[in-house]
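A.B. asks: Take this structure first; my questions come after.
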Amino acid sequence: DAKTTQPNSMESNEEEPVHLPCNHSTISGTDYIHWYRQLPSQGPEYVIHGLTSNVNNRMASLAIAEDRKSSTLILHRATLRDAAVYYCILRGLIQGAQKLVFGQGTRLTINP
Amino acid sequence: EPEVTQTPSHQVTQMGQEVILRCVPISNHLYFYWYRQILGQKVEFLVSFYNNEISEKSEIFDDQFSVERPDGSNFTLKIRSTKLEDSAMYFCASRTLDRPYGYTFGSGTRLTVV
Numbered sequence: 001d002a003k004t005t006q007p008n009s010m011e012s013n014e015e016e017p018v019h020l021p022c023n024h025s026t027i028s029g030t031d032y033i034h035w036y037r038q039l040p041s042q043g044p045e046y047v048i049h050g051l052t053s054n055v056n057n058r059m060a061s062l063a064i065a066e067d068r069k070s071s072t073l074i075l076h077r078a079t080l081r082d083a084a085v086y087y088c089i090l091r092g093l094i095q096g097a098q099k100l101v102f103g104q105g106t107r108l109t110i111n112p
Numbered sequence: 113e114p115e116v117t118q119t120p121s122h123q124v125t126q127m128g129q130e131v132i133l134r135c136v137p138i139s140n141h142l143y144f145y146w147y148r149q150i151l152g153q154k155v156e157f158l159v160s161f162y163n164n165e166i167s168e169k170s171e172i173f174d175d176q177f178s179v180e181r182p183d184g185s186n187f188t189l190k191i192r193s194t195k196l197e198d199s200a201m202y203f204c205a206s207r208t209l210d211r212p213y214g215y216t217f218g219s220g221t222r223l224t225v226v
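For the protein sequence lines, the chains are A and B, in the order given. If you're matching positions, the first sequence starts at 1 in my numbering and goes up one per residue. If you're matching positions, the second sequence starts at 113 in my numbering and goes up one per residue.
Below, the structure is given as structure tokens:
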């Protein structure tokens with residue numbers, strides 16, 4: 001799997017937008033960009049994924065650079081509940097029982 | 113929203129004892145996984161399971177580990193003879209065929225080997 005690079009930690013304030021960056025300069029044309037997050041004492045949970053176009057869902061937005069070598073997860077209005085470790089993961093078209101591979105992720109702290 | 117359920121939430125066992133960690137995946141999911149996370153470290157893949165057999169396993173998943181889906185609903189991870197270094201959070205996950213990006217994880221079992 002292609003490698004991703006994320007900052008170890010970020011901090012933001014409650015009710016402000018948060019932009020979490022991910023670099024993936026060796027991404028291949030068939031790699032999807034997935035974001036998962038892990039709240040304290042919980043298992044990882046799916047946030048969003050995309051291929052080329054920007055994506056929005058009820059949790060977040062995903063902005064993908066035109067060359068696809070980087071992406072940004074956007075939390076539009078952070079709450080204390082968004083404090084978690086955020087993982088950016090590249091996966092090719094998932095076939096069969098293929099696993100997710102987690103890196104260290106970005107630990108997001110939200111200040112009240 | 114459907115959940116992956118894991119029991120127990122916390123298990124303490126003596127070194128050398130056998131433990132069985134239990135998971136109830138989402139009912140229409142076909143692919144099942146176990147991961148572990150040692151305190152302060154990243155989430156590590158252990159094994160994937162499909163159609164009643166192991167699809168892939170990591171180097172961590174040695175002969176001490178086994179998985180089973182005994183009754184079509186539960187998915188278990190057995191550690192035959194626990195070591196201190198098996199202390200970790202163990203997460204079960206499942207995935208359906210028609211939503212290939214959406215792995216659903218349970219809340220985990222914290223295993224403490226003393």
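All C-beta atoms, glycine included, are put in the ideal place defined by N, C-alpha and C.
Along the region 153-166 of chain B, what residues have a CB closer than 8 Å to any CB found in chain A?
C.D. replies: Answer in chain order: Lys154, Val155, Glu156, Phe157, Ser160, Phe161, Tyr162.
A.B. asks: Taking 8 Å as the CB-CB limit, is Phe177 of chain B close to chain A?
C.D. replies: Taking Cβ atoms only, chain A never reaches closer than 8 Å to Phe177 of chain B, which makes this a no.
A.B. asks: Taking only runs of the beta strand (DSSP E) that begin and end inside the region 38-64 of chain A, which ones reach a length of at least 3 residues, in chain order?
C.D. replies: Correct list: 44-50, 61-64.
A.B. asks: Would you say Leu100 of chain A reaches chain B, if we count a Cβ-Cβ gap shorter than 8 Å as a contact?
C.D. replies: Interface residue, yes.
A.B. asks: Taking just the CA atoms, how far does Ala205 of chain B sit from Arg37 of chain A?
C.D. replies: So the two alpha carbons sit approximately 14 Å from each other.
A.B. asks: When you compare the CB of Gly96 of chain A with every CB in chain B, is at least one pair closer than 8 Å?
C.D. replies: It does; some Cβ of chain B falls within 8 Å.
A.B. asks: Considering only the alpha carbon of each residue, which of A:Ile64, A:Asn111, A:Ala83 lies closest to Ile27 of chain A?
C.D. replies: The candidate whose alpha carbon is nearest that of Ile27 of chain A is A:Ile64.
A.B. asks: Any C-beta of chain B sitting closer than 8 Å to the C-beta of Gln6 of chain A?
C.D. replies: False, the Cβ-Cβ gap to chain B never drops below 8 Å.
A.B. asks: Taking 8 Å as the cut-off, does the region 124-140 of chain B touch the region 185-193 of chain B (at least 3 CB pairs, one atom from each stretch)?
C.D. replies: Counting Cβ pairs under 8 Å, three or more are found: they touch.
A.B. asks: Could you check how far apart the C-beta atoms of Leu158 of chain B and Ser170 of chain B are, in whole angstroms? I think they sit under 8 Å.
C.D. replies: The pair is a contact, with the Cβ atoms about 6 Å apart (cut-off 8 Å).
A.B. asks: Would you say His34 of chain A faces chain B, with C-beta separation under 8 Å as the test?
C.D. replies: Output row for His34 of chain A: interface = yes.
A.B. asks: Measuring only the C-alpha atoms, how far is His24 of chain A from Lys69 of chain A?
C.D. replies: The alpha-carbon atoms of His24 of chain A and Lys69 of chain A are separated by roughly 5 Å.
A.B. asks: Is the number of C-beta pairs between the region 114-129 of chain B and the region 163-178 of chain B that are closer than 8 Å three or more?
C.D. replies: Short answer: they don't touch.
A.B. asks: What does the alpha-carbon distance come out to for the pair Ser178 of chain B and Glu165 of chain B?
C.D. replies: About 11 Å.
A.B. asks: Let me know if Ile89 of chain A comes out buried or exposed under the rule of 16 or more other beta-carbons within 10 Å of its beta-carbon.
C.D. replies: Buried, because 16 or more other Cβ atoms sit within 10 Å of the Cβ of Ile89 of chain A.
A.B. asks: Any beta-carbon of chain A closer than 8 Å to the one on Phe203 of chain B?
C.D. replies: It does; some Cβ of chain A falls within 8 Å.
A.B. asks: Just tell me which of A:Tyr32, A:Cys22, A:Ala60 has its CA closest to the CA of Met77 of chain A.
C.D. replies: Sequence inspection shows Arg at residue 77 of chain A; the Met mentioned does not correspond to that position. Cα-wise, what sits closest to Arg77 of chain A is A:Ala60.
A.B. asks: Is DSSP giving Arg222 of chain B helix, strand or coil here?
C.D. replies: Arg222 of chain B: strand per DSSP, three-state reduction.
A.B. asks: In chain order, what residues of the same chain have a beta carbon less than 6 Å from the beta carbon of Thr106 of chain A, not counting five sequence neighbours either side?
C.D. replies: Answer for Thr106 of chain A: Gln6, Pro7, Met10, Leu20, Tyr86, listed in chain order.
A.B. asks: Give a yes or no on whether the minimum CB-CB distance between Gly214 of chain B and chain A is below 8 Å.
C.D. replies: So yes, Gly214 of chain B belongs to the interface.
A.B. asks: At least one CB of chain B closer than 8 Å to the CB of Tyr46 of chain A: is that the case?
C.D. replies: For Tyr46 of chain A, the answer is yes, since a Cβ of chain B falls inside 8 Å of its Cβ.
A.B. asks: Look at the Cβ atom of Asn111 of chain A, then the Cβ atom of Glu14 of chain A, and state whether they are nearer than 8 Å.
C.D. replies: Against a cut-off of 8 Å, the Cβ pair of Glu14 of chain A and Asn111 of chain A comes out as a contact.
A.B. asks: To the nearest angstrom, how far is the alpha carbon of Ser199 of chain B from that of Val116 of chain B?
C.D. replies: If you take the alpha carbons of Ser199 of chain B and Val116 of chain B, they lie about 21 Å apart.
A.B. asks: Residues bridged to His34 of chain A by DSSP?
C.D. replies: His34 of chain A is bridged to A:His49, A:Ile89.
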